[in-house]
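**Student:** In my numbering, the protein residues as written are 1 to 332.
Virtual Cβ for every residue (Gly too), placed ideally from N, Cα, C.
For clarity, every value in this text was computed on a predicted model and none was experimentally measured.
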Amino acid sequence: MKILFYDAKTYDEESFEAAKKDFKDISIDFIKPDLDPRTASLAKGYDAVCAFVSSDICADTLDVLHSKGVSLILLRCAGFNNVDLKKAKELGFGVLRVPGYSPEAVAEHAMALALACNRRLYKAYNKVRENDFSLSGLMGFNFHQKTAGIIGTGKIGAAMCRICKGFGMRVLAYDVYENPSLKDIVEYVSLDEVLANADLISLHCPLMDSTYHMVNIESIRKMKDGVILVNTSRGALVKTEDLIEGIRMHKFAGVGLDVYEEESKNVFEDRSEEILENSTTARLLSFPNVMITSHQGFFTKEALKNIADTTLQNATDFMAGKELSTLPNNVL
Ligand code: NAI
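#1: For chain D, check one thing: does any of its Cβ atoms lie closer than 8 Å to the Cβ of Thr10?
#2: Let me check understanding here. Comparing Cα to Cα, which of Lys2, Tyr101, Pro37 lies closest to Asn329?
#3: With a CB to CB cut of under 7 Å and the five nearest residues on each side skipped, what residues in its chain are close to Leu332?
#4: Span of the alpha helix (DSSP H) holding Lys87?
#5: So, do the segment 50-57 and the segment 18-37 have three or more beta carbon pairs nearer to each other than 8 Å?
#6: Please state the DSSP three-state secondary structure of Met111.
#7: Hey, quick one: how far does the beta strand (DSSP E) through Asn231 stretch, first residue to last?
#8: Do Thr293 and Leu113 have their C-beta atoms closer together than 8 Å?
#9: Per DSSP, Asn330 forms a beta bridge with which residues?
#10: What's the call for Asp258, buried or exposed, on a 16-neighbour Cβ count within 10 Å?
#11: Compute the minimum distance between the beta carbon of Gly256 and the heavy atoms of ligand 1, and state whether it is under 7 Å.
#12: When you compare the CB positions of Ala173 and Thr153, do they come within less than 8 Å of one another, or not?
#13: Please report the residue range of the alpha helix (DSSP H) in which Asp317 lies.
#14: Kindly indicate which three-state DSSP category Val186 falls into: helix, strand or coil?
#15: Where in the segment 95-179 do unbroken runs of the beta strand (DSSP E), each at least 3 residues long, occur, reported from the N-terminal end onward?
#16: With the cut-off set at 8 Å, would you say Asp12 and Ser55 are in Cβ contact?
#17: In angstroms with no decimal places, state the Cα-to-Cα distance between Asn82 and Cys58.
#18: Alpha carbon to alpha carbon, how far is Ile247 from Thr281? Give it in angstroms, no decimals.
#19: Let me check you understand the geometry: is the CB of Asn179 closer than 7 Å to at least one non-hydrogen atom of ligand 1?
#20: Hey, out of Tyr46, Ser41, Leu35, whose CA is closest to Ala315's CA?
#21: Cβ of Met319 within 7 Å of any heavy atom in ligand 1?
#22: Consult DSSP for Ala78 and reduce its assignment to one of helix, strand or coil.
#23: Please report how far the alpha carbon of His144 lies from the alpha carbon of Thr311, in whole angstroms.
#24: Write down the C-beta distance between Ile228 and Leu200 rounded to the nearest angstrom, noting that I regard them as a contact closer than 8 Å.
#25: According to DSSP, what are the bridge partners of Asp29?
#26: Going straight from the alpha carbon of Leu195 to that of Met214, what length do you get?
#27: If I measure Cβ to Cβ from Thr300 and keep anything under 7 Å in the same chain, skipping five residues before and after, which residues do I get?
#28: So, helix, strand or coil for Ser202, using DSSP?
#29: What residue range does the beta strand (DSSP E) around Gly297 cover?
#30: As a quick exercise: from Ala158, Pro206, Asp209, pick the residue whose alpha carbon is nearest that of Asp184.
#31: In the DSSP output, which residue or residues are listed as bridge partners for Phe252?
#32: Identify which residue in Thr10, Asp36, Leu72 has its Cα closest to the Cα of Met1.
#33: Can you list, in chain order, the residues of its chain with a C-beta nearer than 6 Å to that of Gly297? Leave out the 5 residues immediately preceding and following it.
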């Protein structure tokens, strides 16, 4: 199988080249452009494309890929909200992903953001480097004996629940399905109860129609004053304009975001004044209690190895001609 690997970074090439040694029937070409309607035609002559959360796998992209003979989309990520699934099904694509390659990697990053916001670590780091050893502006609060509110308790949310429990927190959770593995550490309550009682709210549900902008001005008003909000899931779970309004209302002790609505627009790669001026992300960054990281939750050695191994195993399963619906990582 010939795979065209879009948006390849050095670390992708390293982890996939290492994993490929165990998959003799697969060849991979790595290219820098990301997959979108303009770049899809580069896949002419390939059986599969390997894409990421940032790829734009809309109907137009799928039409071009289909016309070039590509039949498989290998997502090297868990989320698949960037794929037009209806169109993919219509055109007979296989769409396989890597669920749960390292839930702990993302959950640990979520807690790192929560702690960094709470204890103002970014501010402390800069102050000390500038020879300012005073503690002004650095006051936090104990997580111990406070309440964590975890929204979405799948693989990553469950790992976050365990971490919060380890900190001595009471853990409230909301999910459309309860996770039986958490029965001894979590109290399942309504979304409103999570919002009203949590000192730390962490989002771990996928982006879907039902979760789009679930954090908006109405839900923000229901939160406790001084809450810390963390989002490592998908930017559009949070309505950024409303978040900015909430920050202005002094609702939050801190906001830690690994994902943000404008991620796919590459706002910060194109640093034109106009784009930055109209950018909600740039506006968020102007607040002293907001910390943003650039979708790095997954970025650990263990996770990269799992991503490469699973993606190539997905390709091998597809090549074996098994019924798509029987493949564990099928998203259609
Ligand atoms: P998962 O599928 O194991 O869990 C998602 C959970 O959300 C499920 O328990 C599901 O029932 C729940 N859910 C669905 N609709 C809901 C709703 N309306 N309200 C509350 N809960 C709802 O997914 P996993 O592996 O835990 O990943 C969660 C998300 O994390 C992914 O969808 C992805 O967006 C994000 N992610 C972020 C990464 C990063 O690097 N920052 C890396 C990997 C995933």
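**Tutor:** In terms of the structure at hand:
#1: The structure shown contains no chain D, having only a single protein chain.
#2: Taking each of Lys2, Tyr101, Pro37 in turn and checking the Cα distance to Asn329, the smallest one comes out for Tyr101.
#3: Around Leu332, the same chain offers Leu85, Ala88, Lys89, Val95, Leu324 as residues with beta carbons nearer than 7 Å, after the five sequence neighbours per side are excluded.
#4: Element bounds for Lys87: 85-90.
#5: Contact between the segment 50-57 and the segment 18-37 is present: three or more C-beta pairs spanning the two stretches fall below 8 Å.
#6: In the three-state scheme derived from DSSP, where H, G and I count as helix and E and B as strand, Met111 is classed as helix.
#7: Asn231 -> beta strand (DSSP E) spans 227-231.
#8: Yes.
#9: According to DSSP, which records beta bridges pairwise, Asn330 is partnered with Leu96.
#10: Around the C-beta of Asp258, 16 or more other C-beta atoms lie within 10 Å, and the residue is accordingly described as buried.
#11: Gly256 Cβ: outside cutoff for every heavy atom of ligand 1.
#12: In contact: Ala173 and Thr153 (Cβ atoms closer than 8 Å).
#13: Counting along the chain, the alpha helix (DSSP H) containing Asp317 begins and ends at 301-319.
#14: If DSSP states are grouped into helix, strand and coil, Val186 belongs with coil.
#15: Here the runs fully enclosed are 147-151, 170-174.
#16: The Cβ-Cβ distance between Asp12 and Ser55 does not fall below 8 Å.
#17: Between Asn82 and Cys58, the alpha-carbon positions lie close to 7 Å from each other.
#18: Straight-line Cα distance between these residues: approximately 13 Å.
#19: Within the cutoff, so yes.
#20: Checked all of Tyr46, Ser41, Leu35; the closest Cα to Ala315 is Tyr46.
#21: Result no, Cβ not under 7 Å from ligand 1.
#22: In the structure shown, Ala78 sits in coil (DSSP, three-state: anything other than H, G, I, E or B).
#23: The alpha-carbon atoms of His144 and Thr311 are separated by roughly 39 Å.
#24: Between Ile228 and Leu200, the beta carbon gap of about 5 Å places them in contact (Cβ cut-off 8 Å).
#25: Beta-bridge analysis with DSSP links Asp29 to Leu4.
#26: The alpha-carbon atoms of Leu195 and Met214 are separated by roughly 11 Å.
#27: Answer for Thr300: Ser102, Ala105, listed in chain order.
#28: Strand.
#29: Annotation for Gly297: no beta strand (DSSP E) segment contains it, and DSSP assigns it neither H nor E.
#30: It is Ala158 whose Cα lies nearest to the Cα of Asp184.
#31: According to the DSSP secondary-structure assignment, Phe252 is paired through a beta bridge with Val227.
#32: Residue Leu72 is the option with its Cα nearest to Met1.
#33: Taken in chain order, the residues that qualify are Val106, His109, Thr232, Asp258.
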